[in-house]
Amino acid sequence: MDDVENGQAALDRLALQAYDLVLMDCHMPVLDGYEATRLLRQREGENAPRVVVGFTAYAMKGDREKCLDAGMDDYLTKPVTTQELGFCKNGFPNNTGRKISFD
Numbered sequence: 001m002d003d004v005e006n007g008q009a010a011l012d013r014l015a016l017q018a019y020d021l022v023l024m025d026c027h028m029p030v031l032d033g034y035e036a037t038r039l040l041r042q043r044e045g046e047n048a049p050r051v052v053v054g055f056t057a058y059a060m061k062g063d064r065e066k067c068l069d070a071g072m073d074d075y076l077t078k079p080v081t082t083q084e085l086g087f088c089k090n091g092f093p094n095n096t097g098r099k100i101s102f103d
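So the sequence shown is residues 1 to 103, counted in the UniProt record's numbering.
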């Protein structure tokens, strides 16, 4: 697991190293998670192998849709419970049909 300080740093890291799962904070400095995901998806194209999960403190109506519209596969709201992160053990089925397993 790696972390970065902002959305541009996330894009830079993702250009250098492959990750199966990206937890993308939606409200990072320099480049927010929404725009970072849009740029990542443009770079990867339609057959992107990565799963991107938005991570935000907002849980208002429309926040999930905003994440999906940016190209994220799903989103979690802060604080996240261990049950919500249970997908790491069992694989992560998502809206695109991609499945990531951590076995």
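Even glycine gets a Cβ: it sits at the ideal position worked out from N, Cα and C.
Asked, Found
"Residues that DSSP places opposite residue 24 in a beta bridge", "54"
"Three-way DSSP call (helix, strand, coil) for residue 75 in this model", "strand"
"C-alpha gap between residue 37 and residue 29, whole angstroms", "14 Å"
"Simplified DSSP state of residue 7, which is helix, strand or coil", "helix"
"Through-space distance from residue 61 to residue 7, alpha-carbon basis", "24 Å"
"Residue 85: first and last residue of the uninterrupted alpha helix (DSSP H) it sits in", "Here residue 85 belongs to no alpha helix (DSSP H), and DSSP marks it neither H nor E."
"Residue 51 to residue 39 span [Cα, whole Å]", "14 Å"
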